[in-house]
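Chemist: So in full-length UniProt numbering, the last spot in the sequence shown is 223, and the numbers never skip.
Cβ coordinates follow ideal geometry from the N, Cα and C atoms, glycine included.
Bear in mind that the values here come from a model prediction, so they are computed numbers and not experimental data.
The structure that follows is given in the form of structure tokens.
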Amino acid sequence: MKRKLIALGLVLVMAVSLLAGCSNKEAASTNDASEVTLAIVGPQTGDNAEYGKSMKTAAQIAIDEWNEKGGVIGKQIKLVDYDDANSSEQAASVAEKIVGDSSICAVMGHFSSGVAMTAAEVYQEAGIALVNGSAAHMDYAKIGDCIFRNNAIYTTDANTMLQIMEWLGVKKFGILNPNTDAGVSVTSAVEDMMERYGDKYTLELVEPQLYEDGTVDFTATVA
Numbered sequence: 001m002k003r004k005l006i007a008l009g010l011v012l013v014m015a016v017s018l019l020a021g022c023s024n025k026e027a028a029s030t031n032d033a034s035e036v037t038l039a040i041v042g043p044q045t046g047d048n049a050e051y052g053k054s055m056k057t058a059a060q061i062a063i064d065e066w067n068e069k070g071g072v073i074g075k076q077i078k079l080v081d082y083d084d085a086n087s088s089e090q091a092a093s094v095a096e097k098i099v100g101d102s103s104i105c106a107v108m109g110h111f112s113s114g115v116a117m118t119a120a121e122v123y124q125e126a127g128i129a130l131v132n133g134s135a136a137h138m139d140y141a142k143i144g145d146c147i148f149r150n151n152a153i154y155t156t157d158a159n160t161m162l163q164i165m166e167w168l169g170v171k172k173f174g175i176l177n178p179n180t181d182a183g184v185s186v187t188s189a190v191e192d193m194m195e196r197y198g199d200k201y202t203l204e205l206v207e208p209q210l211y212e213d214g215t216v217d218f219t220a221t222v223a
């Protein structure tokens, strides 16, 4: 939890700093307002609700700290939250609602890469900044100049995992991920790193496997 709070706090700092350079053009006309409004979007319901709630809590903690210091550009920061249920369809709908609200200057959040990338298209077209702390897909930030992140991409994560296993003396390893956009991307990243840099490791990839999201019994898989 502590790491999540720190990460989301950094996301907030990045979001605030981006307001002047990449913000909703309509929101720019409200600079005489006493508040700077930021949106936080994440799964408040569904299987990933714990992550969305942590994101919201972390953002609010950071905002409270900034407001105690006097806010940003002389204004207090206000946080409004939205639930996308980690669903691409719902995220797109939420994004449309956000860009239609001229009081919102920038957006933090969306959890998984696929969901974030769907919403990012909407924000980019509207010219409103999106700062994400968890979308690790390599193509996420390529969507446009208003789309940012503060986390590592899948290939970096994969290389780090391989280095750790090598350091631990692991000889063989498998890959077990959910059959989702994220799971497939992580699996592909590890396979790619092994193909490109396998000669640097003494590791052997046994067999990557994907399971249906929601599976709870892996007895047969690991046997």
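#1: With which residues is Met-108 paired in a DSSP beta bridge?
#2: First and last residue of the alpha helix (DSSP H) that includes Ile-98?
#3: Report yes if the CB atom of Met-117 is closer than 8 angstroms to the CB atom of Ala-135, and no otherwise.
#4: Give me, in chain order, the residues of the same chain whose beta-carbon lies closer than 7 angstroms to that of Gln-60; leave out the 5 immediate sequence neighbours on both sides.
#5: Look up Tyr-123 in the DSSP assignment and say whether it is helix, strand or coil.
#6: Assign Lys-69 to buried or exposed, taking buried as 16 or more other Cβ atoms, counted over all protein chains shown, within 10 Å of its Cβ.
#7: For Leu-79, name the three-state secondary structure that DSSP assigns.
#8: Count the other CB atoms within 10 Å of the CB of Ala-28; is the residue buried (16 or more) or exposed (fewer)?
#9: Could you tell me the boundaries of the beta strand (DSSP E) in which Ile-143 lies?
#10: Quick check on Tyr-51: does DSSP put it in helix, strand or coil?
#11: Skipping 5 residues on each side, what residues in its chain have a beta carbon closer than 8 angstroms to that of Val-94?
#12: Comparing C-alpha positions only, which one of Pro-178, Thr-187, Ser-112 and Glu-204 sits nearest to residue 226?
#13: Hey, quick one: how far does the beta strand (DSSP E) through Gly-174 stretch, first residue to last?
#14: Can you tell me where the alpha helix (DSSP H) with Glu-191 in it begins and where it stops?
#15: Pick helix, strand or coil for Ile-147, following the three-state DSSP scheme.
#16: First and last residue of the alpha helix (DSSP H) that includes Tyr-201?
#17: Would Leu-130 and Phe-148 be called neighbours here (beta carbons separated by less than 8 angstroms)?
#18: Give the single residue among Val-122, Gly-127 and Val-115 whose Cα lies nearest to the Cα of Gly-133.
Modeler: Considering the structure as presented:
#1: The count along the sequence shown starts at 1 and reaches residue 108 at position 108. Answer is Ile-40 and Val-131, bridged to Met-108.
#2: Working through the sequence shown from its first residue, we reach residue 98 at position 98. Where Ile-98 is concerned, the enclosing alpha helix (DSSP H) stretches over 88-99.
#3: For this step, residue 117 is matched to residue 117 along the sequence shown. For this step, residue 135 is matched to residue 135 along the sequence shown. Closer than 8 angstroms, so yes.
#4: Counted from its first residue, the sequence shown places residue 60 at position 60. Cβ neighbours of Gln-60 beyond the five flanking positions: Leu-79.
#5: Along the sequence shown, one-based indexing puts residue 123 at 123. Secondary structure of Tyr-123 (DSSP, three-state): helix.
#6: Looking up residue 69 in the sequence shown gives position 69. Here Lys-69 is exposed. Its C-beta has fewer than 16 other C-beta atoms within 10 Å.
#7: Within the sequence shown, numbered from 1, the residue matching residue 79 stands at position 79. Leu-79 falls in the strand class under three-state DSSP.
#8: For the purposes of this step, residue 28 is identified with residue 28 of the sequence shown, where counting begins at 1. Legend: pLDDT at Ala-28 = 46, less than 50; position of this residue unreliable, value from coordinates given subsequently. Classification of Ala-28: exposed, given that the 10 Å Cβ count is below 16.
#9: Position 143 of the sequence shown, counted from the start, is the residue given in the question as residue 143. No beta strand (DSSP E) contains Ile-143, which DSSP labels as neither H nor E.
#10: As a working note, residue 51 is residue 51 in the sequence shown. Helix.
#11: In the sequence shown, the residue the question calls residue 94 occupies position 94. Result list for Val-94: Val-41, Tyr-82, Asp-83, Asp-84 and Ala-119, in chain order.
#12: Nothing can be reported for residue 226, as the shown portion of the chain is limited to 1 through 223.
#13: As a first step, residue 174 must be located in the sequence shown, where it is residue number 174. Element bounds for Gly-174: 172-178.
#14: Position 191 of the sequence shown, counting from 1, holds the residue named residue 191. Glu-191 -> alpha helix (DSSP H) spans 181-197.
#15: Counting from one through the sequence shown, the residue named residue 147 turns up at place 147. It is a strand residue.
#16: Position 201 of the sequence shown holds residue 201. Per DSSP, Tyr-201 lies in no alpha helix (DSSP H) segment and is marked neither H nor E.
#17: Against the sequence shown, residue 130 aligns to sequence position 130. Against the sequence shown, residue 148 aligns to sequence position 148. In this structure, Phe-148 lies closer than 8 angstroms to Leu-130 by Cβ.
#18: For this step, residue 133 is matched to residue 133 along the sequence shown. Distance check between Gly-133 and each of Val-122, Gly-127 and Val-115 places Val-115 closest, using alpha-carbon atoms only.
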